[in-house]
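Asks: If you count by this note's numbering, then the sequence shown holds residues 86 to 416, one letter each, in order.
Built from N, CA and C at the ideal position, the CB exists for glycine as well.
Only a predicted model underlies this, so the values are computations on that prediction, with no experimental measurement involved.
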Amino acid sequence: DPRADLVAIQHHDPDTAARVARDFDVPHACAAAEQVLDIDALDAVVISSTPHLHYPQARAALKRGLHVLVEKPMTITADQAQELVDLAARQDRQLIVGCTFHYTDHAAEARRLIRAGEIGDVKMIHILMTDESSSLYRGEPWERFVKEHHDEDYMSGTTIAPQQGSYNDPAVAGGGQIYAQVSHPAAYVSFLTGDRPQQVHAHFDNAGLPVDIYDILNIRMDQGTLVSIASCGSPMGGPRELPITVYGTGGTLKIGLADGTMTVYKPDQPPQSPPGLSDYDIYPRYAPAQNLIDVATGDAPNRSPGLLGLYSMQIIEAACQSARTGQNITI
Numbered sequence: 086d087p088r089a090d091l092v093a094i095q096h097h098d099p100d101t102a103a104r105v106a107r108d109f110d111v112p113h114a115c116a117a118a119e120q121v122l123d124i125d126a127l128d129a130v131v132i133s134s135t136p137h138l139h140y141p142q143a144r145a146a147l148k149r150g151l152h153v154l155v156e157k158p159m160t161i162t163a164d165q166a167q168e169l170v171d172l173a174a175r176q177d178r179q180l181i182v183g184c185t186f187h188y189t190d191h192a193a194e195a196r197r198l199i200r201a202g203e204i205g206d207v208k209m210i211h212i213l214m215t216d217e218s219s220s221l222y223r224g225e226p227w228e229r230f231v232k233e234h235h236d237e238d239y240m241s242g243t244t245i246a247p248q249q250g251s252y253n254d255p256a257v258a259g260g261g262q263i264y265a266q267v268s269h270p271a272a273y274v275s276f277l278t279g280d281r282p283q284q285v286h287a288h289f290d291n292a293g294l295p296v297d298i299y300d301i302l303n304i305r306m307d308q309g310t311l312v313s314i315a316s317c318g319s320p321m322g323g324p325r326e327l328p329i330t331v332y333g334t335g336g337t338l339k340i341g342l343a344d345g346t347m348t349v350y351k352p353d354q355p356p357q358s359p360p361g362l363s364d365y366d367i368y369p370r371y372a373p374a375q376n377l378i379d380v381a382t383g384d385a386p387n388r389s390p391g392l393l394g395l396y397s398m399q400i401i402e403a404a405c406q407s408a409r410t411g412q413n414i415t416i
């Protein structure tokens with residue numbers, strides 16, 4: 086994007102930082118986040134470190150007066166997420182959570198339809214998310230995950246591979262499927278509806294691993310919408326799936342996040358479907374970074390604000406508590 090210059094890369098290993106900076110012609114190779122923040126004339130930063138570092142790094146960047154794009158899960162705890170949202174507001178800076186599905190044409194149209202009342206009052210939302218991630222939760226090498234991934238060609242070009250504990254150490258990752266993957270649909274519910282979570286009940290199955298791999302969540306939103314999220318990180322050769330069904334008093338909306346389809350059903354009317362999405366537009370991986378440039382230059386609004394990351398973290402934290410205690414958790 087010609088509107089922005091990439092001026093620094095940070096990695097805790099100085100040699101890795103230097104290699105990436107050299108490969109991408111970046112002037113500053115930093116071994117600590119503090120070194121990045123000491124660089125003059127910064128406008129924005131991307132935080133794509135392991136989850137336990139998101140909060141301190143995002144907080145420091147916001148205090149420095151920068152716009153921030155932080156990967157999901159936004160933090161480890163809901164209180165941390167709330168602090169970042171409040172800090173961004175006080176600093177008058179944009180906080181973006183990297184939920185890429187928010188940037189598709191279907192997402193924008195589904196959100197418009199729901200908020201315009203085109204399917205009536207939203208009564209129930211059902212989401213299934215299956216994606217092969219179990220090798221990460223077992224702490225196996227990144228190469229094993231790449232081989233099993235639905236987009237092997239893209240993933241094989243990863244510049245910096247995660248360490249083997251990045252996904253299966255709760256102190257680093259927060260948890261397994263609930264943090265790594267459920268953070269997507271948990272934010273998407275509020276993206277569509279504008280509503281916030283109120284109550285959560287959940288069950289997890291770790292399948293003998295240090296972190297969860299099979300998750301079932303039942304959620305009640307503040308306006309009464311009932312939400313079910315089922316997520317599996319080990320479909321055992323089954324397809325990657327991410328269907329969402331929104332049931333309203335005046336119609337039903339089906340969104341296929343994994344296959345780029347969308348259909349609106351209404352009584353006594355033929356189903357209506359917008360054009361399907363291209364392979365790239367199903368998951369526009371560069372859109373969050375482009376949106377960071379948008380907000381820094383004032384060219385476009387924040388399309389995935391930190392408030393959605395907060396609501397997602399409230400669901401995640403409550404689900405973890407419910408899975409431990411067997412109780413229904415009120416947020």
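Less than 8 Å between C-beta atoms, sequence neighbours within five positions excluded: which residues of the same chain meet that for A116?
Replies: Q95, H96, H97, D98, P99 and A102
Asks: At the level of alpha carbons, what is the spacing between I301 and R104?
Replies: When rounded, the distance between both Cα atoms is 42 Å.
Asks: For a test of the three-state rule: what should DSSP assign to R149, helix, strand or coil?
Replies: It is coil, neither helix nor strand.
Asks: Could you compute how far the alpha carbon of A287 sits from the alpha carbon of T348?
Replies: 29 Å
Asks: Suppose you measure from the CA of M306 to the CA of H113; what does that come to, to the nearest Å?
Replies: Each residue's Cα considered, the two are about 45 Å apart.
Asks: Which first and last residues belong to the beta strand (DSSP E) in which H191 is found?
Replies: Where H191 is concerned, there is no enclosing beta strand (DSSP E), although the alpha helix (DSSP H) it sits in stretches over D190 to R200.
Asks: Determine the burial state of K157: buried for a count of at least 16 other Cβ atoms within 10 Å of its Cβ, exposed for fewer.
Replies: buried
Asks: Closer than 6 Å by C-beta to N253: which residues in its own chain qualify, once you throw out the five before and the five after it? Chain order, please.
Replies: When the five nearest sequence neighbours on each side are left out, the beta carbons in the same chain lying within less than 6 Å of the beta carbon of N253 are those of Y222, G224, P295 and V296, in order along the chain.
Asks: Give, in chain order, every unbroken run of the beta strand (DSSP E) that is at least 3 residues long and sits entirely within the segment 311-367.
Replies: 311-317, 328-333, 337-341 and 346-350
Asks: Between T310 and I210, how many whole angstroms is the CB-CB distance? I'm expecting something under 8 Å.
Replies: Yes, T310 and I210 are in contact; Cβ-Cβ is about 6 Å, under 8 Å.
Asks: Who pairs with L180 in a beta bridge, going by DSSP?
Replies: V153
Asks: Of the residues H234, H139 and G150, which one's Cα is nearest the Cα of A381?
Replies: G150
Asks: So, helix, strand or coil for I414, using DSSP?
Replies: strand
Asks: With a threshold of 8 Å on Cβ separation, who are the neighbours of D366 within its own chain once the five nearest residues in sequence on each side are excluded?
Replies: Excluding residues within five positions, the ones whose Cβ falls inside 8 Å are T189, D190 and G345.
Asks: Measuring only the C-alpha atoms, how far is T330 from Y350?
Replies: 11 Å
Asks: Name the DSSP beta bridge partners of N303, please?
Replies: Bridge partners of N303 according to DSSP: H286 and S313.
Asks: Taking A256 as the reference, give the member of Q284, S389, T135 and V92 with the closest Cα.
Replies: T135
Asks: Relative to the C-alpha of I204, which candidate in Y140, L277 and I124 has its C-alpha closest?
Replies: L277
Asks: For F289, tell me which candidate among S218, Y299, I401 and G261 has the shortest Cα-Cα distance.
Replies: Y299
Asks: Check for me: the alpha helix (DSSP H) holding I263 runs from which residue to which?
Replies: Per DSSP, I263 belongs to the alpha helix (DSSP H) from Q262 to A265.
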